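What the sequence shown shows, in our numbering, is residues 2 to 411, in sequence order.
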Amino acid sequence: MTWTDDAERSAAVGLRCIDCGLGFALDYVRGCPRCPGLLVVEYDLDMAAKLGIGNGPGGGIWRWDRLLPPTAPDHRVTLGEGMSPLLPAGRLADRLGLRDVRLKLEGVNPTGSMKDRSSVTAIAAALTFGFGRVGCVSSGNMGSSIANYAARAGLRAHVFSAAYASENQIDHMAAGTADLFVYDGPYDAMAAAIQPVFDEGLAFDAGSSPNPYNSEGQKTLAFEVVEQLGERSPDVVVYPLGAADLFLAATRGFEQYASAGFTDFAPLPVVAQSRASASVVQALDGGGEYEAVEAGDSIAGGVLVGDMGAKGHLALKKLRQVDGLGAAVDDDEIAEWQTWLARNEGVWAGPTASVVLPALEHLAASGAIGRDASVVVVLSETGLKGGQPPHRPPTIEASEDSLRALFGGA
């Protein structure tokens with residue numbers, strides 16, 4: 002594979018294993034052959050600082066191409082993702098007793114979730130490395146995103162969706178690809194079962210996986226937040242934690258920005274998990290090592306990952322390195338906060354996104370997050386992606402009398 006001249010805008014210099022440090026060229030390498038460590042794309046941050054970022058050609062997140070993998074112009078697939086709003090949330094801040102809380106609305110992305118950011122770089126890499134089809138295992142959002150971005154790129158997408166995905170998510174996936182299959186059982190089992198298919202090169206690995214190219218696009222959330230705050234970082238960022246892609250990528254993005262001198266510091270990361278699969282939070286609270294758990298049931302299907310593999314170990318290590326925080330929450334808390342946010346801030350986030358709200362409540366109440374901190378809450382999906390919790394509004398007659406009585410009229 003040869004990069005084109007147009008792809009040389011990227012400051013990427015190679016791949017590196019996070020654990021053992023082994024380096025690789027920018028080829029399609031999904032894992033380190035020497036140890037179980039994850040691979041990441043490395044960049045020449047001095048070059049990025051000198052040449053500037055956020056000024057790349059093309060739409061969507063490609064404006065940040067300096068800190069994305071090298072990609073030729075005709076491989077820069079986009080549906081207009083990125084630049085999601087960062088909204089002040091005064092009522093939420095008041096309820097939590099915090100000075101400044103802002104909502105990063107990732108549900109406005111083209112397929113309704115933050116997964117569109119990773120689909121961009123995953124599909125671009127599939128095109129770069131000459132694949133005609135891609136595959137992914139999904140709890141709902143990733144499948145919707147990959148199906149539609151692959152269709153945009155003219156690639157065939159094989160999507161394997163959890164049976165617990167919502168009807169809206171299933172419909173969205175089925176609309177984007179004819180190769181949609183539903184699996185029973187936990188996400189972890191299907192994710193493990195498909196790895197030999199990817200190892201043999203039968204399809205490009207486009208899901209939440211060891212593939213270092215996929216999650217690179219999610220770093221752009223960090224770049225946008227810094228830009229939207231006037232070239233500064235918030236004190237705290239709260240992420241929903243499922244397979245850990247968003248948390249690890251965005252944290253890496255903030256750190257790269259700070260290292261390149263575009264902001265003074267990287268924010269404190271906070272992760273929120275469902276109590277049904279709280280592997281990282283359990284280890285963080287208990288002081289032990291990361292151990293996989295058997296995922297239970299939750300309305301927040303996007304964070305139901307009991308075995309995060311190497312990413313679980315890395316997420317825990319990263320949190321401990323920077324004194325990060327975490328909290329696990331129950332379904333009733335998620336449902337309560339999901340409705341509260343819609344009725345008080347006008348934002349209808351999905352249950353997977355809403356795990357961050359009760360987690361932030363617990364940490365603010367305990368004093369772990371100080372009152373004067375500036376906090377960004379990442380709402381990873383729109384509430385339109387699912388039907389939980391169900392709402393049963395009262396019925397009313399279509400008559401003038403009933404309507405007058407409703408509004409308190411005579």
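Quick reminder that beta carbons are idealized off the backbone N, C-alpha and C, glycines included.
Everything numeric in this text was worked out from a predicted model, so none of it was measured.
- Relative to C21, the option among A259, L269, V102, C36 whose CA is nearest is C36.
- In the structure shown, the three-state DSSP call for H314 is helix.
- T396 sits exposed, since fewer than 16 C-beta atoms from the chains shown fall within 10 Å of its C-beta.
- With fewer than 16 other Cβ atoms from the protein chains shown falling within 10 Å of its own Cβ, A26 counts as exposed.
- Where Y240 is concerned, there is no enclosing alpha helix (DSSP H), although the beta strand (DSSP E) around it starts and stops at 237-241.
- Residues G57, D66, R67 of the same chain have their beta carbon placed closer than 7 Å to that of R10, with the five preceding and five following residues left out of the count.
- For D47 and L69, the gap between their C-alpha atoms comes out near 15 Å.
- In chain order, A163, A166, Y188, G302, G303, L305 place their CB closer than 7 Å to the CB of S140, counting only its own chain and leaving out the 5 sequence neighbours on each side.
- Contact check between the region 310-320 and the region 351-362: fewer than three CB pairs, one atom from each, fall below 8 Å, which does not count as touching.
- According to the DSSP secondary-structure assignment, A329 is paired through a beta bridge with Q274.
- Annotation: R153 to A126 spans about 14 Å, alpha carbon to alpha carbon.
- Beyond the five residues adjoining it in sequence on each side, A284 comes within less than 6 Å, by CB distance, of Y291, L317 in the same chain, given in chain order.
- Between S234 and A267, the C-beta spacing is below 9 Å.
- Excluding the 5 residues flanking it on each side, P86 has same chain C-beta neighbours closer than 6 Å at L106, in chain order.
- Minimum Cα-Cα distance from V356 among the listed residues F161, Q274, V237 corresponds to Q274.
- Going by DSSP, P89 is part of the beta strand (DSSP E) stretching over 87-89.
- At a Cβ-Cβ threshold of 9 Å, V281 and Y258 do not count as neighbours.
- Within the same chain, G144, S145, A148, V160, S162, L181 come within 7 Å of M174 by CB-CB distance, once the 5 residues on both sides are set aside.
- Distances from the CA of P241 to each of I335, G32, W63 were compared; the closest alpha carbon is that of I335.
- Annotated three-state conformation of A279 is coil, per DSSP.
- Residue pairing by DSSP places Y184 opposite A163 in a beta bridge.
- Of the other Cβ atoms in all chains shown, 16 or more fall within 10 Å of the Cβ of S209; this residue is therefore buried.
- Under the three-state reduction of DSSP output, D45 falls in the coil class, being neither helix nor strand.
- Counted as a single uninterrupted DSSP element, the beta strand (DSSP E) harbouring R17 occupies residues 13-18.
- Between M115 and E382, the gap from beta carbon to beta carbon is short of 9 Å.
- If you ignore the 5 residues before and after R100, its C-beta comes within less than 8 Å of the C-beta of A94, R372, D373, A374, S375, all in its own chain and listed in chain order.
- Pairing A251 with V330, the inter-Cα distance amounts to about 22 Å.
- For the set L39, A244, T264, G289, the Cα lying nearest the Cα of T353 is the one of A244.
- The beta carbon of V14 sits closer than 6 Å to the beta carbons of E43, D45 from its chain, once the five residues preceding and following it are set aside; these are given in chain order.
- Taking every protein chain shown into account, the CB of E82 has 16 or more other CB atoms within 10 angstroms, so this residue is buried.
- By the neighbour-count definition (other C-beta atoms within 10 Å, threshold 16), E225 is a buried residue.
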